[in-house]
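Remarks on the structure that follows.
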Amino acid sequence: PDVVPSVEFIVGMAKEFPNLAYVKEEREPVHRRMLALAPHRPQTIKAIFGAAFGRQWLYEMRLGMDGVMTGGAMYADIYARLWEHHVAGEPEALRDLFGKLLLMLNLDQSIPGVRLYVLKRRGIFKTSRSRRGDYTFSGDQIAEIEYRLDALRPLFRA
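Rendered as structure tokens:
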């Protein structure tokens, strides 16, 4: 955990080992590092991705990055729509949808287990149990989750 791979180290490794072609940047300062990696595309590094559950996805795409690798499977269809808006050059629709997604992503900090709740609510999982525990939710928490989820629900695919 104390090893900090510099941008130069990553680029050097990618030159030496061509199968190291994709970088998921998570080390602070994330965006400065992404921008430092960018000139090495596509010759050395094929693509640069963000993470952080996609909370910075909109900004990273505006910086010219290549996408996001996120633990947000419960919102996969929303991320697909975001990508479609991005590719189609629809900045207003992109910003609007991203704002709705952020309502859910930010709630995770106030109500632990929101992502598991959504996976269960959408019928993907049967439980809200994970390696971190078995999450339960109060009536107020469920009401807040559902209130925010209402903004995304019409956009879910199947």
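Residue numbering for the sequence shown follows the numbering used here, starting at 6 and increasing by one per position.
Cβ atoms here follow ideal geometry from the backbone N, Cα and C, with glycine treated the same way.
Residues that DSSP places opposite residue i in a beta bridge
i    : result
G138 : S135
Y27  : A52
G72  : F54
C-alpha distance - residue i paired with residue j, whole-angstrom precision
i    : j    : result
K51  : R86  : 23 angstroms
Q146 : W88  : 30 angstroms
D155 : L112 : 14 angstroms
R46  : E21  : 15 angstroms
P6   : E33  : 13 angstroms
V12  : Y27  : 13 angstroms
E95  : P117 : 33 angstroms
Q114 : A93  : 32 angstroms
P159 : A57  : 25 angstroms
Burial state of residue i, where buried means 16 or more other Cβ atoms lie within 10 Å
i    : result
S143 : exposed
S135 : exposed
G55  : buried
A19  : buried
Y80  : buried
E30  : buried
F103 : buried
V9   : exposed
R153 : buried
R38  : buried
I150 : buried
I53  : buried
Same chain, Cβ closer than 6 angstroms to residue i, five either side skipped, listed in chain order
i   : result
D82 : F161 and R162
G59 : V73, T75 and G77
Proximal residues to residue i (C-beta, below 8 angstroms), its chain only, five neighbours per side dropped
i   : result
H91 : M66 and L99
T49 : V16, A19 and K20
Close Cβ partners of residue i (< 7 angstroms) along its chain, the five nearest in sequence each way excluded
i   : result
L25 : M18 and A19
Check: If you pair each beta-carbon of the segment 99 to 119 with each one of the segment 54 to 69, do three or more pairs fall below 8 angstroms?
Finding: yes
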